[in-house]
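Residue numbers (our numbering): 35 to 210. Contents: one structure, followed by commentary.
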């Protein structure tokens with residue numbers, strides 16, 4: 035986990051120095067914009083805490099990341115704790131990919147193509163790692179399970195975000 039934390043922190047600091055935004059920050063900003071439109075001023079969900087603590091959020095997401103992978107590859111070689119260790123390394127490697135592309139975006143200016151390539155490589159890296167880790171399985175089986183992992187991860191994170199927003203709205207209603 036220290037590897038993922040160190041690289042995520044380095045990536046976050048670099049994006050701040052370059053006056054840029056992290057890839058996770060862009061996704062969360064989009065969520066917040068949709069939330070602001072739907073609430074229309076009744077109560078606000080301040081995402082600055084999340085955006086300002088990218089490295090910690092990356093680490094906090096690893097158990098969800100590992101759980102999704104564990105479920106997608108249930109009964110295939112690794113237990114949940116091993117998935118946490120593996121996913122910590124993968125998150126660190128993805129931070130390196132994003133770090134490299136943040137530098138390129140800074141040098142060449144904001145470029146949707148570079149951002150798309152970075153996302154494609156980060157996701158592709160997960161597929162590549164899984165093909166190597168689960169080598170006795172057929173490649174297509176591993177690819178389908180990895181796609182299932184991403185689906186499970188998105189569902190888990192959406193449940194987490196929804197629960198957080200509802201809890202915050204409930205707490206804000208109690209205070210007023």
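The beta carbon of each residue, even a glycine, is placed where N, CA and C say it ideally should be.
A straight line joining the alpha-carbon of residue 122 with that of residue 162 spans about 16 Å.
Rounded to the nearest angstrom, the gap between the Cα atoms of residue 109 and residue 168 is 11 Å. Contact between residue 131 and residue 152 is confirmed by a C-beta separation of about 6 Å, below the 8 Å threshold. Only residues of its own chain outside the window of five on either side were considered, and among them 131 have a CB closer than 7 Å to the CB of residue 155, listed in chain order.
Per DSSP, reduced to three states, the secondary structure at residue 144 is coil, with no helix or strand assignment. Contact between the stretch 138-152 and the stretch 179-193 is absent: fewer than 3 CB-CB pairs across the two stretches fall below 8 Å. If you draw a straight line from the Cα of residue 93 to the Cα of residue 114, it comes to about 16 Å. DSSP, reduced to helix, strand and coil, places residue 164 within a helical segment of the structure shown. Judged by their CB atoms, residue 160 and residue 180 are nearer to each other than the 8 Å cut-off. DSSP places residue 207 in the helix class (H, G or I) of the three-state scheme.
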